[in-house]
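All remarks here apply to the structure that follows.
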Amino acid sequence: MRAAVVRVLLLQLWRDRGALVTGFVLPVVVFVVFAAIFGGASGNTLLLRVVVADELHTAESRRLVDALSTLKTITVTAQVSTRAAAEQLVAEGAADAGLVLPAGARPLTQLAGDGEPPMLVLTHPARSVAGSLLVGHVERLYYERLPDVALRGAVSLVDALVVSLTDEQKADADRQLAAMAPQPGELADAPDDGTTMAPMVAQAPATTRGASIDEVAYYAGSVAILFVLLAAVHGAASLHDDVASGVVDRVLTGPATLATLVDGRAVFLAGQALLQVLVIFAVAWLAYGVDVPARLGPWLIVTGVVAIASAGLMLLVSVLCRSAQQAVAVSNVAVLVVSAVGGSMVPRFLMPLWLQQLGWLTPNAWAIDAYGAALRAGSAWSGTLRPSLVLLVIGIGGWLLARQLARRWETR
96 MRAAVVRVLL LQLWRDRGAL VTGFVLPVVV FVVFAAIFGG ASGNTLLLRV VVADELHTAE
156 SRRLVDALST LKTITVTAQV STRAAAEQLV AEGAADAGLV LPAGARPLTQ LAGDGEPPML
216 VLTHPARSVA GSLLVGHVER LYYERLPDVA LRGAVSLVDA LVVSLTDEQK ADADRQLAAM
276 APQPGELADA PDDGTTMAPM VAQAPATTRG ASIDEVAYYA GSVAILFVLL AAVHGAASLH
336 DDVASGVVDR VLTGPATLAT LVDGRAVFLA GQALLQVLVI FAVAWLAYGV DVPARLGPWL
396 IVTGVVAIAS AGLMLLVSVL CRSAQQAVAV SNVAVLVVSA VGGSMVPRFL MPLWLQQLGW
456 LTPNAWAIDA YGAALRAGSA WSGTLRPSLV LLVIGIGGWL LARQLARRWE TR
């Protein structure tokens with residue numbers, strides 16, 4: 096009898112394609128996605144986009160910038176002239192982090208003393224890991240590519256704090272240090288004594304608002320698109336319930352068509368999404384200080400297209416399926432996968448480059464980008480235009496295709 100029970104359950108599982116996908120396909124897909132993300136998220140393989148502002152314009156600063164440009168894990172997206180310009184690019188998401196060699200700080204040859212550190216790394220709260228990685232790269236490059244500069248600072252410390260050097264000794268030290276400077280493409284031996292250059296590098300946020308507020312705004316957008324899609328799954332799948340219960344037959348006896356049912360659900364799902372996003376950002380505003388009212392116009396635009404995109408996309412997936420059970424299973428799998436790839440679960444800058452590019456095929460990446468532009472203080476409304484248009488096309492396209500495909504139920 097026990098064997099018969101097991102056999103019946105196995106047959107039920109085999110015939111339930113949704114359960115098979117959820118139990119055996121989804122875990123593998125999610126594992127592959129997260130393995131790709133975290134397998135490529137080490138400091139030696141993670142590709143960072145960096146903006147550089149060299150305000151010193153010295154031989155040493157140029158050598159450091161050139162050395163940074165040669166790293167395979169660093170892409171220097173822009174070289175600007177001021178810290179303010181670098182801050183703007185990092186705040187807008189055009190770069191993951193920024194390196195500033197500020198005028199008025201200690202020179203690169205001065206290891207200690209008064210003044211600000213000679214190297215400043217700009218970070219964004221939503222990409223703080225990128226700033227920490229850049230600090231490590233800069234410190235290592237300072238030793239490997241500018242050993243003569245570092246030792247010149249050590250000689251200056253000896254002269255100032257230990258024993259005064261004669262002019263002849265200083266000149267001899269300068270000659271030897273100049274000879275130590277590596278040629279282009281040549282690496283110097285990095286010191287292995289555990290020395291760190293933390294006093295030489297400082298970090299600062301690239302935004303005018305609090306770091307915690309910026310981070311909350313980022314995750315509010317990423318969570319909003321994830322749960323808006325999830326919440327639309329059952330509402331869209333209920334179209335199949337209308338077919339099975341005879342509602343469609345009764346509708347077709349009157350002047351209405353299946354397009355009416357699809358349109359009604361699209362309006363409901365879009366309205367539901369609007370309320371969901373409103374609740375999420377209300378909490379972000381009231382509890383965490385995200386200044387949504389100051390950016391209400393662009394926020395409303397983005398929220399509207401996010402609602403339309405979620406409704407149209409989930410209706411399309413549902414209509415493509417054969418039953419409500421299958422629609423729920425497939426939709427849940429699809430939402431979880433696109434959310435992982437699109438950045439709702441893990442920031443996309445931590446992903447390998449190929450996975451970052453793949454993320455642009457998901458609505459999540461466009462929604463997160465749109466909310467980032469909408470809530471960025473001082474940014475133009477035009478920053479939300481491209482992602483909003485993409486989301487609008489996704490929503491309208493999915494809705495129109497769902498209306499067309501649903502017509503097959505009229506002739507069943």
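Residue numbers (this note's numbering): 96 to 507. Ideal Cβ placement from N, Cα and C applies to all residues, glycine included. Fair warning: this is a prediction, and the values are worked out from it, not measured in the lab.
Beta-carbon spacing of residue i, residue j below 8 Å
i              : j             : result
valine 145     : leucine 229   : yes
valine 428     : cysteine 416  : no
alanine 192    : threonine 172 : no
leucine 448    : valine 436    : no
serine 434     : alanine 422   : no
leucine 353    : valine 342    : no
leucine 431    : valine 125    : yes
glutamate 310  : leucine 241   : no
methionine 295 : proline 213   : yes
threonine 398  : valine 378    : no
isoleucine 375 : alanine 319   : yes
leucine 236    : leucine 159   : yes
Through-space distance from residue j to residue i, alpha-carbon basis
i              : j              : result
proline 482    : valine 385     : 21 Å
threonine 204  : glycine 438    : 41 Å
arginine 157   : valine 195     : 12 Å
leucine 325    : valine 485     : 20 Å
glutamine 183  : glutamate 234  : 24 Å
leucine 104    : arginine 112   : 14 Å
aspartate 287  : tyrosine 238   : Confidence at aspartate 287 is low in this model, with a pLDDT of 45, below 50, so its placement is unreliable and no value can be given for it.
leucine 495    : glutamine 367  : 20 Å
valine 401     : alanine 462    : 7 Å
leucine 151    : glycine 188    : 25 Å
threonine 290  : alanine 460    : In this prediction, threonine 290 scores a pLDDT of 42, lower than 50, which makes its location untrustworthy; the coordinate-derived value is nonetheless stated afterwards. Taking the straight line from one Cα to the other gives about 41 Å.
histidine 329  : proline 350    : 27 Å
tryptophan 504 : leucine 410    : 15 Å
glutamate 211  : alanine 148    : 16 Å
tryptophan 476 : glycine 231    : 36 Å
leucine 487    : serine 418     : 27 Å
alanine 200    : valine 127     : 46 Å
arginine 498   : threonine 348  : 18 Å
alanine 99     : leucine 106    : 11 Å
leucine 408    : alanine 327    : 9 Å
alanine 299    : tyrosine 383   : 21 Å
glutamine 420  : glycine 226    : 45 Å
arginine 345   : isoleucine 403 : 28 Å
tryptophan 380 : leucine 500    : 41 Å
glutamine 174  : threonine 153  : 15 Å
arginine 110   : arginine 97    : 20 Å
leucine 391    : serine 474     : 13 Å
alanine 297    : aspartate 161  : 20 Å
leucine 108    : aspartate 336  : 22 Å
serine 340     : valine 116     : 26 Å
valine 323     : proline 197    : 44 Å
valine 250     : glutamine 452  : The predicted model places valine 250 with a pLDDT of 49, which falls under 50 and marks its position as unreliable, so this point remains unresolved.
tryptophan 455 : proline 202    : 42 Å
Per DSSP, the bridge partner or partners of residue i
i              : result
threonine 218  : Ala192, Pro300
isoleucine 169 : Leu143
glutamine 174  : Val147
Anticipated Cβ contact below 8 Å, residue i with residue j, distance rounded
i             : j              : result
alanine 406   : glycine 490    : 6 Å
leucine 215   : threonine 170  : Not confirmed; about 20 Å, so no contact.
alanine 331   : leucine 364    : 7 Å
threonine 479 : isoleucine 396 : 6 Å
alanine 547   : valine 185     : This structure cannot speak to residue 547, because the chain is shown only from 96 to 507.
Exercise for the section: Kindly confirm or deny that the segment 435-445 and the segment 358-366 touch, where touching means at least three C-beta pairs closer than 8 Å. Expected result: Between the segment 435-445 and the segment 358-366, the count of Cβ pairs shorter than 8 Å is below three; the stretches do not touch.
Exercise for the section: Assess, as a yes-or-no matter, whether the segment 158-167 is touched by the segment 115-130 under the definition of 3 or more beta carbon pairs within less than 8 Å. Expected result: The answer is no - the segment 158-167 does not touch the segment 115-130, with fewer than three Cβ pairs under 8 Å.
Problem - Sufficient close CB pairs (3 or more, under 8 Å) joining the segment 219-226 to the segment 174-183 - result: Touching, no, given that fewer than three Cβ pairs across the two stretches are closer than 8 Å.
Handout entry: Contact the segment 374-392 vs the segment 459-475: 3+ CB pairs below 8 Å
Key = Cβ pair count under 8 Å is three or more, so yes.
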